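Undergrad:
Protein chains: 2
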Amino acid sequence: MPETLIPTAASAVPPRASSIRPPRPTPRSRVVGENSTLLYEGGRNRSLYRVVDGCIVLSQLLDDGRRQITDVLGPGRLFGFTVDGRNIATAETLSIARIEPLGDADLNATNPTVASELKTTLQRMQVHATLLGRKTASEKVASALVELARLFNRTGRNGAPARLGFHLHLTRADLADWLGLTVETVSRCLNRFKREGLIDFSHPKTMRVLDPERLEATAGFTRHRTGDAARP
Amino acid sequence: MPETLIPTAASAVPPRASSIRPPRPTPRSRVVGENSTLLYEGGRNRSLYRVVDGCIVLSQLLDDGRRQITDVLGPGRLFGFTVDGRNIATAETLSIARIEPLGDADLNATNPTVASELKTTLQRMQVHATLLGRKTASEKVASALVELARLFNRTGRNGAPARLGFHLHLTRADLADWLGLTVETVSRCLNRFKREGLIDFSHPKTMRVLDPERLEATAGFTRHRTGDAARP
DNA sequence: CGCCGGATTGAGTGACGTCAATTACTGTGG
DNA sequence: CCACAGTAATTGACGTCACTCAATCCGGCG
């Protein structure tokens, strides 16, 4: 099946008509079910996709099964980069996701949009490396919450962001694999933050940030020695 | 001083005439001294450089001084990527280094060479994220040795690679900051490997791999679920 | 209601970090 | 060439943060 995106699992969920309303149907955009591994391929070069809606993570495995989630993608992000025709990472959907293949004109990494996405991705990866290598468990979990809140900020019906509530698409295990921790440690941190009034959640996936300042302080701050590239 | 590369430290070492013989002087290539922080900038867009020779690392800091080395660059690699005109990371030389600014035609990220470099860098970052998040201290140190051996493989006078000897440009502290460990742990691992006959070193920076197979086995193996993009 | 996967919680342990003392290098000045 | 100072590396003793193991709880679903 050339040119198609091939989910391995249950996949291709026919969305209950109400739950997803196509936000102005994009040419050839597709809906993929939760928990599918995306073996995106595509004859010639058709490997780049844009996340329109939902949450997709990129991951790698060690041969004994240890998993590292290397990036968490939300609306707008691209995935499917290749080196020598091989995908760089495995992509999995953590929610029903809508994705859209990039048009032929955009497939090339020399496309400005793609090039720019590559650079910001690189930057995110570097910040995450610092988190993985140098932050404590609490700092890691706090950082994750800050980032996910930004990424999946629930917009109220008026279009304005609701008061810092967001849907956590990741399970505790996913968070652990993203942050280089164990499920138990993630759980303990989250519940400590809850006791301390930084966040709140009744359902494990429905997060609300109560004290953004203190949460961000707990997350720590990344900098690097100066270096404006263009200018004064 | 527009358009120049500005080292902060002692810098601009006038190389003792013998120690560096320009390998056919590249247009506008420069020699930078050891242990300089490179505040590369450059009026318009002049921010991309290629490492011709030597070792340069990219790093980030947390506000309390914890450091993470996000990438180690050897001959051929590019550095100086920017997002919104800001450098993504700080670059420091770990040896006397020869670098070469990319020509005007190449400055843009849409240049195929640059785009391709961005992708392989992204891939390296992902593999390193897995190392940081999921590998043990021993696996980390072994992985580092394997990678650095490849990167700085000392070529014998006949041009063929000498028997797995290489110069370790990083100090124990640099290794620690790259691998997310402490100096002491790095040192213990290295000396254990030495006792076990995997490697040897008399001088702390002069490494030799004695048993490549066992070293690579100790390093562990990264994979990710399949996914040829362009395909049979 | 009973099952099952995810999440929480507690108790105990171990890998790696911290602290401190010693040794090995490197460079400088006499 | 040697003395000395300063930094890097090693090594040991000890402490702790996060992992492991295990029990329990909770929520969604047949």
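The listed protein sequences derive, respectively, from chains A and B.
If you want the working numbering, it's the 1-based position in the first sequence plus 5.
If you want the working numbering, it's the 1-based position in the second sequence plus 5.
All C-beta atoms, glycine included, are put in the ideal place defined by N, C-alpha and C.
None of these values were measured; they are calculated from a predicted model.
(1) For the beta strand (DSSP E) that THR75 of chain B lies in, which residues bound it at each end?
(2) Quick one, which of A:HIS229, A:SER148 and A:ARG71 has its alpha-carbon nearest THR141 of chain B's?
(3) Measure the C-alpha to C-alpha separation of ARG213 of chain B and SER100 of chain B and round it to an integer number of angstroms.
(4) Which of the residues in the region 82-94 of chain B, read from start to end, lie with their CB under 8 Å from any CB of chain A?
(5) For ALA154 of chain B, does the three-state DSSP call read helix, strand or coil?
(6) Could you work out which residues of chain A lie near THR125 of chain B, taking near to mean beta carbons separated by less than 7 Å?
(7) Alpha carbons only, please: which of B:LEU203, B:VAL57 and B:GLN65 is nearest the one belonging to ALA94 of chain B?
(8) Return the bridge partner residues of GLU144 of chain B from the DSSP annotation.
(9) Classify ALA96 of chain B as buried or exposed, calling it buried when 16 or more other Cβ atoms lie within 10 Å of its own Cβ.
(10) Note down the Cα distance separating HIS208 of chain A from ARG177 of chain A, rounded to an integer number of angstroms.
(11) Comparing the C-beta of ALA120 of chain A with each C-beta of chain B, is any distance below 7 Å?
(12) Less than 7 Å between CB atoms is the rule here; does PHE226 of chain B satisfy it with respect to chain A?
(13) Quick one, which of A:LYS210, A:GLY170, A:ASP76 and A:THR87 has its alpha-carbon nearest VAL245 of chain A's?
(14) Is the Cβ of PRO117 of chain B closer than 7 Å to any Cβ of chain A?
(15) Three Cβ pairs or more, each shorter than 8 Å: is that satisfied between the region 133-150 of chain B and the region 54-69 of chain B?
(16) Under 9 Å Cβ-Cβ, which residues of chain A neighbour THR98 of chain B?
(17) Grouping DSSP H, G and I as helix and E and B as strand, with all else coil, what is LEU107 of chain B?
(18) Please list, in chain order, all residues of the same chain as PHE206 of chain B whose beta carbon is under 7 Å from its beta carbon, the five residues on each side excluded.
(19) Throw me the rounded Cβ distance for the LEU169 of chain B and PRO217 of chain B pair, which I believe falls under 8 Å.
(20) If I measure Cβ to Cβ from ARG219 of chain B and keep anything under 6 Å in the same chain, skipping five residues before and after, which residues do I get?
(21) When you compare the CB positions of VAL37 of chain A and THR75 of chain A, do they come within less than 7 Å of one another, or not?
(22) Only counting the same chain, and skipping five residues up and downstream in sequence, which positions put a Cβ closer than 6 Å to that of LEU63 of chain B?
(23) Closer than 7 Å by beta-carbon distance: list the chain B residues that pair up with LEU137 of chain A, in chain order.
(24) I need the straight-line Cα distance from ALA181 of chain B to ARG129 of chain B, nearest angstrom please.
(25) Buried or exposed: where does GLU201 of chain A fall if 16 or more other Cβ atoms within 10 Å of its Cβ makes it buried?
(26) Can you name the residues that DSSP bridges to GLU97 of chain A?
(27) PHE84 of chain B bridges to which residues according to DSSP?
(28) With 9 Å as the C-beta to C-beta threshold (strictly closer), list the residues of the region 52-78 of chain A near chain B in chain order.
(29) Expressed to the nearest angstrom, what Euclidean distance is found between the alpha-carbon atoms of ARG193 of chain A and GLU152 of chain A?
(30) Can you confirm whether MET212 of chain A, when its beta carbon is compared against all beta carbons of chain B, has any partner nearer than 7 Å?
(31) On the DSSP bridge list, what partners appear for PHE171 of chain B?
(32) Measure the Cβ-Cβ separation of SER121 of chain B and ALA224 of chain B and say whether it is below 7 Å.
(33) Return yes when the C-beta of THR95 of chain A is under 6 Å from any heavy atom of the ligand PLP, and no when it is not.
TA: From the atom records:
(1) 72-78
(2) A:ARG71
(3) 19 Å
(4) GLY85, PHE86, THR87, VAL88, GLY90, ARG91, ASN92, ILE93 and ALA94
(5) helix
(6) VAL88
(7) B:GLN65
(8) In DSSP, GLU144 of chain B forms no bridge with anything.
(9) buried
(10) 12 Å
(11) yes
(12) yes
(13) Absent from the structure is residue 245 of chain A, since the part of chain A shown begins at 6 and ends at 237.
(14) yes
(15) no
(16) Ordered by position in chain A, no residue passes the 9 Å Cβ test against THR98 of chain B, which lies about 14 Å from the chain.
(17) coil
(18) LYS199, MET212 and ARG213
(19) 6 Å
(20) LEU203
(21) no
(22) THR75, ASP76, ALA94 and ALA96
(23) ALA134, LEU137, GLY138 and GLY185
(24) 18 Å
(25) exposed
(26) A:THR42 and A:VAL62
(27) B:TYR54
(28) SER52, LEU63, SER64, GLN65, LEU66, LEU67, ASP68, ASP69, ARG71, ARG72, GLN73, ILE74, THR75 and ASP76
(29) 19 Å
(30) no
(31) B:ASN158 and B:MET212
(32) no
(33) By its list of ligands, the structure shown contains no ligand whatsoever, and the ligand PLP lies outside what it can speak to.
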